[in-house]
Amino acid sequence: MRVRTFGKYLRELRENRGLSQGELGKKVRRTAMAISLFEKGTNNPPNNNLLNALIRALELSDEEADMLRNLSAIERNELPNDISNYIKNHMDVFNAIRRGMRQNKKSTDWENVFKGAGQL
């Protein structure tokens, strides 16, 4: 899998939809320059309302939207808002993560846990 940045992925999504930076900017009430700065990585990726506006304007699939949210959160050094809100409302998730941390679980261990749990 190739490593992506928020800006490069945003540009890829925008270009795949045949939109200019100005056209995308108008859809989300920003300037072409603002979109350019996001794509170049000069500005921190947006979160919350602007991120959701970009997702709607680009008409992203669930997978594309998740990737854009993930990249934004990683570069902002925070959890994606949708995940953060879910975790805040489910104390059992906090506890499961802490148990995993204490047991030094790896990604493959977590994948097995989720596979074993079936469809959530």
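Numbering (the working numbering), first residue to last: 1 to 120. Note that the Cβ used here is the ideal one computed from N, Cα and C, for glycine as well. Model, not experiment: these values are computed from the prediction.
Beta-carbon gap between residue i and residue j smaller than 7 Å
i     : j     : result
LEU71 : TYR9  : yes
PHE6  : GLU64 : no
ALA32 : GLY22 : yes
GLU39 : ARG4  : no
ASN43 : LEU37 : yes
Supposed close pair residue i, residue j - CB separation, criterion 8 Å
i     : j     : result
PRO80 : ARG69 : 4 Å
PHE94 : ILE83 : At roughly 12 Å, the Cβ-Cβ gap does not stay under 8 Å, so PHE94 and ILE83 are not in contact.
LEU13 : LEU60 : 7 Å
Check: Using 8 Å as the threshold, is the region 18–31 in touch with the region 47–61, meaning 3 or more CB pairs across them?
Finding: yes
Check: Enumerated in chain order, which unbroken segments of the alpha helix (DSSP H) with a length of 4 residues or greater are wholly contained in the region 5–31?
Finding: 6–16, 21–27
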